[in-house]
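Numbering (numbering that gives the first Met the number 0), first residue to last: 0 to 142.
The beta carbon of each residue, even a glycine, is placed where N, CA and C say it ideally should be.
Take a look at the structure below.
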Amino acid sequence: MASKGYKCASCSKQIRENSSSLSCVNCKNWFYKKCSDLSDEKFKKIAAESKKKGQTNRRCSGCLSEVSIVESDEDGMDVDVPSSPTNEIFLLKMEQMFEKYLAPFREKVDKIESNIASIKSELSKNTEQNKINTKNYRKLEKS
Numbered sequence: 000m001a002s003k004g005y006k007c008a009s010c011s012k013q014i015r016e017n018s019s020s021l022s023c024v025n026c027k028n029w030f031y032k033k034c035s036d037l038s039d040e041k042f043k044k045i046a047a048e049s050k051k052k053g054q055t056n057r058r059c060s061g062c063l064s065e066v067s068i069v070e071s072d073e074d075g076m077d078v079d080v081p082s083s084p085t086n087e088i089f090l091l092k093m094e095q096m097f098e099k100y101l102a103p104f105r106e107k108v109d110k111i112e113s114n115i116a117s118i119k120s121e122l123s124k125n126t127e128q129n130k131i132n133t134k135n136y137r138k139l140e141k142s
């Protein structure tokens, strides 16, 4: 149950007290049950867990798919991972896996960029043609 002042992070409606809602343990956002990706059964389990423990370990779909990249500064502590054939093989396999899964997205992005370039070209041609047509129309209008 949300206390006063919370809004559903999905639909932006005010969360009423005693409504079917839950919060994300990570981002602290609140969601109505209907706006979450949970089935009735799963929601009931989480609600029971919350009553029992006083909290849940539920994460919203946004936080579940979140990938964080952390850059350290000079004051930060970096841990040196010793270079070894095992680590290098592991890193190579990770790179290959990322490449495998990213390739379809890259192809789609390339296709979209190509389509955008075509649309811009057509728009430019149409703009020029429109200028010519406007000029001709004005000439005809004067005669």
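Given a length threshold of 3 residues, each whole run of the beta strand (DSSP E) inside the stretch 11-58 is given here in chain order: 20-22 and 29-31. Cys-34 sits away from Cys-62, with the two beta carbons spaced by 8 Å or more. Bridge partners of Cys-7 according to DSSP: Trp-29. In the structure shown, Ser-113 falls within a helical segment according to DSSP collapsed to helix, strand and coil. Taking C-beta atoms under 8 Å as the contact rule, Arg-57 and Cys-26 fail to qualify, at a distance of about 11 Å. Non-local beta-carbon contacts of Ser-20 in its own chain, meaning distances under 6 Å to residues more than five positions away in sequence, involve Ala-1, Ile-14, Trp-29 and Tyr-31 in chain order.
The Cβ-Cβ distance between Asp-36 and Ser-60 falls below 8 Å. A direct Cα-Cα distance of roughly 26 Å separates Lys-138 from Glu-121.
A direct Cα-to-Cα measurement between Glu-98 and Ala-116 gives close to 26 Å.
Ser-123 carries a helical assignment under DSSP once its states are collapsed to helix, strand and coil. In the same chain as Lys-44, and ignoring 5 residues on each side of it, no C-beta atom comes closer than 6 Å to its own.
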